[in-house]
DNA sequence: TCGAATGACAGCG
DNA sequence: CGCTGTCATTCGA
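Residue numbers (this note's numbering): 965 to 1069.
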């Protein structure tokens, strides 16, 4: 219940690896794990026991904020604080800010 | 222990 | 715009 699941652990780690001012998508994380569980990834972050995990840096493939347990409003605020510009709940130059966890960057 | 439902999504008709 | 597909977790029996 409060222990790292193999899958979850991967998700948390990847998300945690996201550099500041950069973002990633659920799809990319899932792809990095060689899975298509976009949902599972989102679920992992949703219940993430590691509140330190920057789950706010994970957005949808559309570039939209998606959702946030604390309210997307807060998510946007945090992202803006990170230096990311949000417009109409969408990330500006979202494609440029995408961080590929699989890229072992 | 097994089955069904849920969820911060994605892709296609 | 709406339905279906995919994966893991959780709830219920």
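Note that CB positions come from ideal geometry on N, CA and C, so glycine has one too.
Under the three-state reduction of DSSP, which class applies to residue 1054: helix, strand or coil? Along the first chain, one-based indexing puts residue 1054 at 90. Strand.
Three or more C-beta pairs closer than 8 Å, one from the region 992-999 and one from the region 1031-1039: is that the case here? no
Which residue from 1013, 1018, 1050 puts its Cα closest to that of residue 1029? Taking the first chain and counting its residues from 1, the one referred to as residue 1029 is at position 65. It is 1050.
Say whether the region 1038-1048 touches the region 1015-1023, bearing in mind that this needs 3 or more beta-carbon pairs closer than 8 Å, one atom from each stretch. yes
Verify whether the separation of the beta carbon atoms of residue 1001 and residue 976 is less than 8 Å. The residue you call residue 1001 lines up with position 37 of the first chain. The residue you call residue 976 lines up with position 12 of the first chain. Not a contact, by the Cβ cut-off of 8 Å.
Spatial neighbours of residue 1066 in its chain, beta-carbon cut-off 8 Å, leaving aside the 5 residues before and after: As a first step, residue 1066 is located in the first chain; it is residue number 102 there, counting from the start. Counting only Cβ-Cβ distances below 8 Å, and skipping sequence neighbours, we find 992, 995, 996.
The alpha helix (DSSP H) enclosing residue 1006, as first and last residue numbers: Walking along the first chain from the start, residue 1006 turns up at place 42. It spans 1002-1010 - the alpha helix (DSSP H) in which residue 1006 sits, taken as one unbroken run.
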